[in-house]
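Structure first, commentary second.
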Amino acid sequence: MNEMTALPHRLDRTVVIGAGRETVFRYFTDSERWAHWWGAGSSIDARPGGRVLIRYPNGVEVSGEVLDVAAPERIVFTYGYAGGNPIPPGSSRVTIRLEPCEGGTKVHLSHEFAEAPVRDAHVPGWRFQLSVFANVVSDEVHAGAEGIADRWFSAWAIAEDAEREKALVHLVMPNVRFRDRFALIDGAAELSAHVAASIRFMPGIRMQRKGAVRHCQGVMLADWVALGSDGAERMRGTNVFVLAPDGRIESVTGLQG
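The opening position of the sequence shown corresponds to residue 102 in the numbering used here, with each subsequent residue numbered one higher.
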């Protein structure tokens, strides 16, 4: 793209992705991850002058050139369609900046165009693609979501206080929130005490996950059953987990029945 080309029309969009900045930036430097976001056959050579290739699932192909890289903060590249319509290669510029924030990473996207109608046509596309991006990154960060749910249910059978507290340290955030029909709990220490009381007043009850978990962008649903010492089902329900960017549990809401 000629440096003197005027690109006065800009599309701006900002989203927060529940992952660390280094994790998010890997999707701009690793072709396998880049293709996982955009589509099979997509690739990126993350150095000034490196090629950018996007192959959408519908067969449309976009190409560009990396103009600037500052890991893990920023990447700039040109963007245009291989077929020349609606804009040819080299005729627009994309800048993506990453900023650490509460809840993960704030992704700032700017796409500069020569013409306003072309900019406007790309607004819904970027809304969709950044949503897909958030899901792809979250799926990687929380690939062990089923294990997290299993460890949560197992913790409710740990009778020894020190052992249970040690397990919770690695499983939940210090300010974890837990809500169900019988609990209004804030903090890991209160949670441990609540579990101890449950073991005392409901001896022999154990909880286990039933079926696969469902996960989307840090929110996980896990069905469960509570079994008595005789193996008979005493109750069942669904837990809604909110997961932090580091994989620990921020909150749990238990829905019974």
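Ideal Cβ placement from N, Cα and C applies to all residues, glycine included. The structure displayed is predicted, hence computed values, not measured ones.
Spatially closest choice to residue i from the options, by CA coordinates
i: aspartate 113; options: Ala183, Arg194, Ser143; result: Arg194
i: isoleucine 176; options: Gly288, Glu351, Glu200; result: Glu200
i: valine 326; options: Arg307, Leu168, Pro218, Leu108; result: Arg307
i: glycine 245; options: Gln230, Ser299, Gly319; result: Gly319
i: proline 304; options: Ala258, Thr354, Glu203; result: Ala258
i: valine 233; options: Ser352, Val117, Glu162, Ile188; result: Val117
i: aspartate 262; options: Gly312, Ala136, Val296; result: Val296
i: alanine 235; options: Val224, Phe254, Gly204, Arg220; result: Gly204
i: aspartate 281; options: Glu123, Gly358, Glu162, Lys207; result: Gly358
i: leucine 162; options: Asn186, Arg148, Val353, Leu168; result: Leucine is not the amino acid found at residue 162; the sequence shown has glutamate there. Closest option to glutamate 162, Cα to Cα, is Asn186.
i: valine 208; options: Gly119, Arg134, Lys267; result: Gly119
i: tryptophan 138; options: Glu166, Val237, Arg228; result: Val237
i: cysteine 317; options: Leu269, Asp240, Ala260; result: Asp240
i: proline 218; options: Leu231, Arg265, Ile188; result: Ile188
i: threonine 206; options: Phe283, Glu166, Thr115, Ala333; result: Thr115
Residues near residue i in its chain [Cβ-Cβ closer than 8 Å; skip 5 each side]
i: glycine 140; result: Ile155, Arg156, Tyr157, Pro158
i: glycine 348; result: Val242, His243, Gly245, Ile249
i: tryptophan 135; result: Tyr128, Phe129, Ser143, Ser144, Ile145
Contacts around residue i, its chain only, beta-carbon distance under 6 Å, and the 5 residues preceding and following it disregarded
i: alanine 250; result: Arg310, Val314, Ala323
i: serine 192; result: Gly181
i: threonine 196; result: Val177, Ser211
i: alanine 363; result: Because residue 363 is not part of the residues shown, which for the chain are 102 to 358, the question remains open.
i: valine 353; result: Phe279, Asn340, Phe342
i: glutamate 266; result: Ser293
Nearest-angstrom Cα separation, counted from residue j out to residue i
i: serine 364; j: valine 343; result: Shown here, the chain extends from 102 to 358; a query on residue 364 therefore has no answer.
i: histidine 243; j: proline 190; result: 36 Å
i: leucine 356; j: glycine 121; result: 30 Å
i: glycine 226; j: asparagine 340; result: 34 Å
i: glycine 142; j: glycine 184; result: 17 Å
i: serine 164; j: tyrosine 180; result: 6 Å
i: serine 299; j: glycine 248; result: 22 Å
i: arginine 337; j: tryptophan 253; result: 15 Å
i: serine 255; j: histidine 110; result: 55 Å
i: leucine 360; j: phenylalanine 229; result: The structure shown has nothing for residue 360, since the chain only spans 102 to 358.
i: glycine 329; j: valine 270; result: 27 Å
i: arginine 198; j: glycine 160; result: 28 Å
i: threonine 124; j: arginine 148; result: 18 Å
i: aspartate 331; j: arginine 301; result: 17 Å
i: methionine 321; j: cysteine 202; result: 22 Å
i: phenylalanine 335; j: glutamate 264; result: Looking at the sequence provided, one finds arginine at residue 335 rather than phenylalanine. Roughly 26 Å separates the two Cα atoms.
i: alanine 333; j: alanine 260; result: 21 Å
i: glutamate 291; j: phenylalanine 283; result: 14 Å
i: leucine 231; j: glycine 150; result: 24 Å
i: glutamate 166; j: alanine 268; result: 48 Å
Beta-carbon contacts of residue i that lie in its chain and below 7 Å, excluding the five residues immediately before and after
i: serine 132; result: Ser144, Ile145
i: valine 224; result: Leu112
i: glycine 312; result: Asp324
i: aspartate 221; result: none
i: methionine 105; result: Low per-residue confidence applies at methionine 105: pLDDT is 44, beneath 50, and the placement is therefore not dependable, though the value from the model is reported in the following sentence. Answer for methionine 105: no residue qualifies.
i: alanine 107; result: Ala215
Three or more C-beta pairs under 8 Å: does that hold for the stretch 152-167 against the stretch 267-284?
Counting Cβ pairs under 8 Å, fewer than three are found: no touch.
Determine contact between the stretch 210-221 and the stretch 119-128, defined as no fewer than three beta-carbon pairs at a distance below 8 Å.
Verdict: no, contact absent.
Can you confirm whether the stretch 281-293 touches the stretch 160-177 when touching is taken to mean that 3 or more C-beta pairs between the two stretches lie within less than 8 Å?
Two segments are said to touch when three or more pairs of C-beta atoms, one from each, lie closer than 8 Å; by this definition the stretch 160-177 does not touch the stretch 281-293.
Report the start-end ranges of each beta strand (DSSP E) in the stretch 222-299 that is 3 residues or longer and not cut off at the edges.
Counting only runs of 3 or more, we get 273-281, 284-287.
List in chain order: all unbroken beta strand (DSSP E) runs of 3+ residues lying wholly within the stretch 105-157.
Runs found: 110-118, 152-156.
Whole beta strand (DSSP E) runs in the stretch 161-196 with 3 or more residues, listed along the chain?
Qualifying beta strand (DSSP E) stretches, in chain order: 162-171, 175-182.
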